[in-house]
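A quick write-up on the structure given underneath.
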Amino acid sequence: MPTATMTSPALRGLQDLRNAMREARERAIAAYRANLRADALLTELRRIVDRTLQALLESHPLPEGATLAAVGGYGRGELYPHSDVDVLVLLRQPPTAEDEARIGALITALWDIGLEPGHSARTVEDCMAEAAKDITVETALLEARYLAGSRALMRQFEAAMRARLDKRAFFHDKQLEMQQRHTKYNYTPYALEPNCKESPGGLRDLQVILWMARAAGFGKTWAQVARAGLLTADEARHLRRAEQAFKRLRIELHLLTGRREDRLVFDVQPAMAKVYGIPDNGPRRPSEVLMQRYYWAAKLVTQLNTILVQNLEERLFARPGEEAQPIDEDFRNLHERLDMYRDDAFERNPTLLLRAFLVMQQHPELKGMSARMLRAIWHARGRIDAQFRRNPVNRHLFLSILQQRRGIVHELRRMNELSILPRYLLPFRRIVGQMQHDLFHAYTVDQHILMVVRNLRRFTMPEHAHEYPLCSQLIANFDGHWVLYAAALFHDIAKGRGGDHSQLGAIEARKFAREHGLAREDAELLEFLVRQHLRLSSVAQKKDLSDPRVIQDFAALVGDTRHLTALYLLTVADIRGTSPKVWNAWKAKLLEDLFLKTRRALGGEIPDPKAILENRKEEALGALRLAGLTPDAHEALWKQLDVAYFLRHEASDIAWQTRHLYNKVDSPTPIVRARITPVGGGLQIVVYAKDQPDLFARICGYFDERRLSIQDARIHTTRHGWALDSFIVLAQGTPSEQRSLLSLLEHELTQRLASPHAARAPGTEAVPLGPRPSRQSRTFPITPAIELRPDERGQSWILSVTATDRTGLLHAMARTFVQHGINLKTAKVMTLGERVEDTFLIDGAALDNARSQIQFEQDLLEALQ
Numbered sequence: 001m002p003t004a005t006m007t008s009p010a011l012r013g014l015q016d017l018r019n020a021m022r023e024a025r026e027r028a029i030a031a032y033r034a035n036l037r038a039d040a041l042l043t044e045l046r047r048i049v050d051r052t053l054q055a056l057l058e059s060h061p062l063p064e065g066a067t068l069a070a071v072g073g074y075g076r077g078e079l080y081p082h083s084d085v086d087v088l089v090l091l092r093q094p095p096t097a098e099d100e101a102r103i104g105a106l107i108t109a110l111w112d113i114g115l116e117p118g119h120s121a122r123t124v125e126d127c128m129a130e131a132a133k134d135i136t137v138e139t140a141l142l143e144a145r146y147l148a149g150s151r152a153l154m155r156q157f158e159a160a161m162r163a164r165l166d167k168r169a170f171f172h173d174k175q176l177e178m179q180q181r182h183t184k185y186n187y188t189p190y191a192l193e194p195n196c197k198e199s200p201g202g203l204r205d206l207q208v209i210l211w212m213a214r215a216a217g218f219g220k221t222w223a224q225v226a227r228a229g230l231l232t233a234d235e236a237r238h239l240r241r242a243e244q245a246f247k248r249l250r251i252e253l254h255l256l257t258g259r260r261e262d263r264l265v266f267d268v269q270p271a272m273a274k275v276y277g278i279p280d281n282g283p284r285r286p287s288e289v290l291m292q293r294y295y296w297a298a299k300l301v302t303q304l305n306t307i308l309v310q311n312l313e314e315r316l317f318a319r320p321g322e323e324a325q326p327i328d329e330d331f332r333n334l335h336e337r338l339d340m341y342r343d344d345a346f347e348r349n350p351t352l353l354l355r356a357f358l359v360m361q362q363h364p365e366l367k368g369m370s371a372r373m374l375r376a377i378w379h380a381r382g383r384i385d386a387q388f389r390r391n392p393v394n395r396h397l398f399l400s401i402l403q404q405r406r407g408i409v410h411e412l413r414r415m416n417e418l419s420i421l422p423r424y425l426l427p428f429r430r431i432v433g434q435m436q437h438d439l440f441h442a443y444t445v446d447q448h449i450l451m452v453v454r455n456l457r458r459f460t461m462p463e464h465a466h467e468y469p470l471c472s473q474l475i476a477n478f479d480g481h482w483v484l485y486a487a488a489l490f491h492d493i494a495k496g497r498g499g500d501h502s503q504l505g506a507i508e509a510r511k512f513a514r515e516h517g518l519a520r521e522d523a524e525l526l527e528f529l530v531r532q533h534l535r536l537s538s539v540a541q542k543k544d545l546s547d548p549r550v551i552q553d554f555a556a557l558v559g560d561t562r563h564l565t566a567l568y569l570l571t572v573a574d575i576r577g578t579s580p581k582v583w584n585a586w587k588a589k590l591l592e593d594l595f596l597k598t599r600r601a602l603g604g605e606i607p608d609p610k611a612i613l614e615n616r617k618e619e620a621l622g623a624l625r626l627a628g629l630t631p632d633a634h635e636a637l638w639k640q641l642d643v644a645y646f647l648r649h650e651a652s653d654i655a656w657q658t659r660h661l662y663n664k665v666d667s668p669t670p671i672v673r674a675r676i677t678p679v680g681g682g683l684q685i686v687v688y689a690k691d692q693p694d695l696f697a698r699i700c701g702y703f704d705e706r707r708l709s710i711q712d713a714r715i716h717t718t719r720h721g722w723a724l725d726s727f728i729v730l731a732q733g734t735p736s737e738q739r740s741l742l743s744l745l746e747h748e749l750t751q752r753l754a755s756p757h758a759a760r761a762p763g764t765e766a767v768p769l770g771p772r773p774s775r776q777s778r779t780f781p782i783t784p785a786i787e788l789r790p791d792e793r794g795q796s797w798i799l800s801v802t803a804t805d806r807t808g809l810l811h812a813m814a815r816t817f818v819q820h821g822i823n824l825k826t827a828k829v830m831t832l833g834e835r836v837e838d839t840f841l842i843d844g845a846a847l848d849n850a851r852s853q854i855q856f857e858q859d860l861l862e863a864l865q
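Have a look at this one:
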């Protein structure tokens, strides 16, 4: 828009300026929609604001002799649709009251016309002082651009900035600032909701490189940096392309959300995929395709960022006096970094592409790879082709990397970052940057896999032995750790293909074993682990581990102690590598219980229910004698309990419950007792009361109100009609805070169950409203599913439920049980992030009739919605 139009008398009112600016922005955005040229839009938006500010100064002038300058991104000449407009009012001397009034009026007018200013008013001396204290301020001031006012003052400011700039100190400070930012974002570009501006591999990393290069005098553009020798022309093209992609992405985020939004949160990912025109006609969601493209671009920026920062460091802090130390005929130690003798080493001998990582593992004195080495590997990655993968030497080298005593995780990660791992293992390439929409994985598939390898490695390290004592003990005596690492690489490698990823992954593992010449027993173990990597967790959390047949069937599946140990180690590492929300001490106890019971069965111990029953009773009686009870004190209670009770409860639980109930067998009022669980974490709560149809529903309602997450429920009815129900629940807070909660829980729940509400009709209580669904569960909802099947004995039914977790969910299911007269025998409650997979053992007359059974299932599905 011509300047004359913006400054004509008819448009000098603030409303006129606002309308003109809005119309100009709409035209600029329409032009962008036609050509999708990000730089053109950012430049035009900047020009529109420039002209608006210059017009505004006619009615709201600067203080006498002052200068108005654009700083930050606006100063750089890039203005995103909803970015702040950062301006600096340069003053010749500290502001007077009149100066402050003029500046205040100008800033108010900026708000009135629809801009969101970030502003400061300083003298040149003030600017220098602030720049000395804060590298972020110094960087913003380095990008200052003249808008209006005194040009002489602007020149004075620019000269002062140039004079104070120390290129080495600036490089060091920006490097520290970048490390702090990367720490904030967990050092990964693979967050499921990345910030396209601030996350590692995003726009800010590109800007930091150019700031460093500019301060060091190597140029302001990628082409200039390449001419200075810090980049090749090909690398400059890659970075320019990535920069344009990220700029467009940030523009689209602003336009889509209508605000300054730089995060690709779950809510906007599907809509962004539509903006990019990604079709919805494959096994993967369009949003998954979008995010994988993002991760590949962020990975490229991360790779070249490392190379460029090292190149800049070597230029700025040259150490010509230090000589390289030879390692072998191909590699040398240069400043504690691995370097090669010949620039074309990888082109001449592609096998070195794998051997370089092996050398890194074998030489702990090396702190990394030189920029020259990183660049050479990155450019030679295309030499890894079918012939390379068939080469026996390369196959041996890859196995050797997995078999080293140190550096396995570091080098696998480096191989992934430099695109060597995905090119050598082609199935791995398909899952680099692959999203996981199961509501409990916090990482992309490739990062989750490498996290599992890391967790397995931690089992081998003495400094982590206190975290997983059993795992550390088991892996110390396990022959062939590398098979576990290979299993970790393949266990999720078929994610995103459709079908059962465990079965498809096992096929890939078998092919890998055959091609790499694994011994028969190692190949069989690898395939078994990939195929069955979910089985131990599923059995532990869904089956009744007190049933000897469950243990026998699982022992038959694993076959021997080596398979059991390997599966247990992989399972713990896998669950720990999904998300911090998924793992807890109770899950750890369930897995360990299944492992120990199965190991005893594999050792030849045949579970005899009668022997187990007698041993458990004797152990419980011993604990009761220690507690001071008379030898026959337990009899009144125990004669009301059947065999199932003693098989489902450990001796310590039996003794604890008996100690509180032995003299209250016919108690007319409810009894509630709570304690910190002896092992496994959480709270253990036992409820003893006259049985009633809605008892379980009312207990669940109370737990929901208290935000207690039920992990396990064991429902039992005595011979004389009293309910003896025990629960494991997880509560927020420290152990001391949980202990202080025990007496409150006992009092409140007792009062709740003894209150007149007990007489209310079944199913009439209101289900407590939960919090709003999370972004994840709203964007990737789980379709509720139920499966009802008779148990093996044909005496009860097994109900499996899958749904999105929410407060009140278990309460709603319990009310449906009451409504249909369903008797709950036991419950296995498993929460994986925001996904629940619960299993119930139930019976009732409604399940014996096809029509009433269908009605029960329909009502239950409605309760899950």
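Per our numbering, residue 1 is the first one in the sequence shown, and the count goes up by one each step. A virtual CB, placed ideally from N, CA and C, is assigned to each residue, including glycine.
**Asked** If you count every other CB in all the chains shown that lies within 10 Å of the CB of residue 517, and 16 or more means buried, which is it?
**Response** The residue given as residue 517 occupies position 517 in the sequence shown. With fewer than 16 other Cβ atoms within 10 Å, it is exposed.
**Prompt:** Between the C-alpha atoms of residue 802 and residue 457, what's the straight-line distance to the nearest angstrom?
**Reply:** Within the sequence shown, the letter at position 802 stands for residue 802. Within the sequence shown, the letter at position 457 stands for residue 457. Their backbone Cα atoms lie some 33 Å apart in a straight line.
**Message:** For residue 864 and residue 703, what's the separation of their Cα atoms in angstroms?
**Reply:** Mapped onto the sequence shown, residue 864 falls at position 864. Mapped onto the sequence shown, residue 703 falls at position 703. Computed Cα separation, rounded: 18 Å.
**Message:** Ignoring anything shorter than 4 residues, give me the alpha helix (DSSP H) runs that lie fully in the stretch 634-697, in order along the chain.
**Reply:** 635-638, 643-648 and 651-661
**Supposed close pair residue 847, residue 786 - CB separation, criterion 8 Å** = On the sequence shown, residue 847 is found 847 positions in, with the first residue counted as 1. On the sequence shown, residue 786 is found 786 positions in, with the first residue counted as 1. Their Cβ separation, rounded to whole angstroms, is 13 Å, which puts residue 847 and residue 786 out of contact at 8 Å.
**Asked** How do the stretch 81-93 and the stretch 158-168 stand: do at least 3 beta-carbon pairs fall below 8 Å, yes or no?
**Response** no
**Asked** For residue 334, does the three-state DSSP call read helix, strand or coil?
**Response** Walking along the sequence shown from the start, residue 334 turns up at place 334. If DSSP states are grouped into helix, strand and coil, residue 334 belongs with the strands.
**Item:** Three-state class that DSSP yields for residue 840 in the structure shown
**Value:** The residue labelled residue 840 in the question sits at position 840 within the sequence shown. Note: residue 840 maps to strand in three-state DSSP.
**Prompt:** Does DSSP put residue 495 in a helix, a strand or coil?
**Reply:** The sequence position of residue 495 within the sequence shown is 495, counting from 1. Residue state, collapsed to three classes: coil.
**Nearest candidate by alpha-carbon position, reference residue 80, set 194, 200 and 257** = Here residue 80 is taken as the residue at index 80 of the sequence shown, counted from 1. Out of 194, 200 and 257, 257 has the C-alpha closest to the C-alpha of residue 80.
**Prompt:** Which stretch, first to last residue, makes up the alpha helix (DSSP H) that contains residue 542?
**Reply:** Taking the sequence shown and counting its residues from 1, the one referred to as residue 542 is at position 542. From DSSP, the alpha helix (DSSP H) with residue 542 extends over 535-542.
**Prompt:** For the stretch 260-275 against the stretch 49-58, are there 3 or more C-beta pairs whose distance is under 8 Å?
**Reply:** no
**Request:** Report back the beta-carbon spacing between residue 376 and residue 435 to the nearest angstrom; my notes put them in contact at under 8 Å.
**Result:** Locating residue 376 in the sequence shown gives position 376, counting from the first residue. Locating residue 435 in the sequence shown gives position 435, counting from the first residue. Their Cβ separation, rounded to whole angstroms, is 32 Å, which puts residue 376 and residue 435 out of contact at 8 Å.
**Message:** I'd like the span of the alpha helix (DSSP H) that includes residue 622, first residue to last.
**Reply:** If you number the sequence shown from 1, residue 622 lands on position 622. Per DSSP, residue 622 belongs to the alpha helix (DSSP H) from 609-626.
**Message:** What does DSSP give as the partner residue(s) for residue 800 in the beta ladder?
**Reply:** As a working note, residue 800 is residue 800 in the sequence shown. Paired residue(s): 787 and 839.
**Message:** Which residues does DSSP list as the beta-bridge partners of residue 70?
**Reply:** Against the sequence shown, residue 70 aligns to sequence position 70. Bridge partners of residue 70: 87 and 145.
**Prompt:** For residue 876, is the classification buried or exposed, using 16 other Cβ atoms within 10 angstroms of its Cβ as the cut-off for buried?
**Reply:** Residue 876 falls outside the range modelled here, since the chain spans only 1 to 865, and no answer is possible.
**Asked** What does DSSP give as the partner residues of residue 325 in its beta bridges?
**Response** Numbered from 1 along the sequence shown, position 325 holds the residue referred to as residue 325. DSSP output for residue 325 lists 333 as bridge partner(s).
**Prompt:** Which stretch, first to last residue, makes up the beta strand (DSSP E) that contains residue 118?
**Reply:** One-based indexing of the sequence shown puts residue 118 at position 118. First-last of the beta strand (DSSP E) with residue 118: 117-123.
**Three-state secondary structure assigned by DSSP to residue 140** = Position 140 of the sequence shown, counting from 1, holds the residue named residue 140. Three-state DSSP puts residue 140 in a helix.
**Asked** Using a Cβ-Cβ cut-off of 6 Å (strictly less than) and excluding sequence neighbours within five positions of residue 648, which residues of its own chain qualify?
**Response** One-based indexing of the sequence shown puts residue 648 at position 648. Cβ neighbours of residue 648 beyond the five flanking positions: 546 and 714.
**Straight-line gap, residue 413 to residue 450 (C-alpha atoms, nearest Å)** = Position 413 of the sequence shown, counted from the first residue, corresponds to residue 413. Position 450 of the sequence shown, counted from the first residue, corresponds to residue 450. Approximately 7 Å, taken between the alpha carbons.
**Request:** Go ahead and label residue 348 buried or exposed: buried means 16 or more other beta carbons lie within 10 angstroms of its beta carbon, across all protein chains shown.
**Result:** Counting from one through the sequence shown, the residue named residue 348 turns up at place 348. When all chains shown are included, residue 348 counts as exposed.
**Message:** Let me check understanding here. Comparing Cα to Cα, which of 634, 429 and 731 lies closest to residue 676?
**Reply:** For this step, residue 676 is matched to residue 676 along the sequence shown. When each option's Cα is compared against that of residue 676, the closest is 731.
**Request:** Just the C-alpha distance for residue 165 and residue 215, rounded to the nearest angstrom, thanks.
**Result:** Against the sequence shown, residue 165 aligns to sequence position 165. Against the sequence shown, residue 215 aligns to sequence position 215. Straight-line Cα distance between these residues: approximately 7 Å.
**Request:** Grab the span of the beta strand (DSSP E) containing residue 728 for me, first residue to last.
**Result:** Locating residue 728 in the sequence shown gives position 728, where the first residue counts as 1. Looking at the DSSP string, the run of the beta strand (DSSP E) that includes residue 728 is 722-730.
**Own chain, CB closer than 7 Å to residue 390, minus 5 neighbours either side, in chain order** = Counting from one through the sequence shown, the residue named residue 390 turns up at place 390. Answer for residue 390: no residue qualifies.
**Request:** Below 8 Å on the Cβ atoms is my guess for residue 86 versus residue 140; work out the distance and round it to an integer in Å.
**Result:** In the sequence shown, the residue the question calls residue 86 occupies position 86. In the sequence shown, the residue the question calls residue 140 occupies position 140. Correct: roughly 7 Å between the Cβ atoms.
**Item:** For residue 430 and residue 494, the rounded distance between their alpha carbons
**Value:** The residue given as residue 494 occupies position 494 in the sequence shown. The residue given as residue 430 occupies position 430 in the sequence shown. Between residue 494 and residue 430, the C-alpha separation is close to 8 Å.
**Prompt:** Between which two residues does the alpha helix (DSSP H) harbouring residue 824 extend?
**Reply:** For the purposes of this step, residue 824 is taken as the residue at position 824 of the sequence shown. Looking at the DSSP string, residue 824 is not in any alpha helix (DSSP H); the run it does join, the beta strand (DSSP E), is 823-828.
**Request:** Take the Cβ of residue 854 as the centre, count every other Cβ of all protein chains shown within 10 Å, and call the residue buried at 16 or more, exposed below.
**Result:** Walking along the sequence shown from the start, residue 854 turns up at place 854. Its Cβ having fewer than 16 others within 10 Å, residue 854 is exposed.
**Item:** Beta carbon of residue 525 nearer than 8 Å to that of residue 566
**Value:** Along the sequence shown, one-based indexing puts residue 525 at 525. Along the sequence shown, one-based indexing puts residue 566 at 566. Result yes, Cβ atoms of residue 525 and residue 566 sit closer than 8 Å.
**Request:** Leaving out five residues on either side along the sequence, give the residues of the same chain with a beta carbon under 6 Å from the beta carbon of residue 859.
**Result:** The sequence position of residue 859 within the sequence shown is 859, counting from 1. Excluding residues within five positions, the ones whose Cβ falls inside 6 Å are 816.
**Asked** Tell me, which residues are paired with residue 191 by DSSP?
**Response** Taking the sequence shown and counting its residues from 1, the one referred to as residue 191 is at position 191. The partner list for residue 191 (beta bridge, DSSP) reads 443.
**Asked** Which residues share a DSSP beta bridge with residue 709?
**Response** Counted from its first residue, the sequence shown places residue 709 at position 709. 730.
**Prompt:** Per DSSP, what kind of secondary structure is residue 701 in: helix, strand or coil?
**Reply:** Taking the first residue of the sequence shown as position 1, residue 701 is located at position 701. The answer is helix: DSSP assigns residue 701 an H, G or I state.
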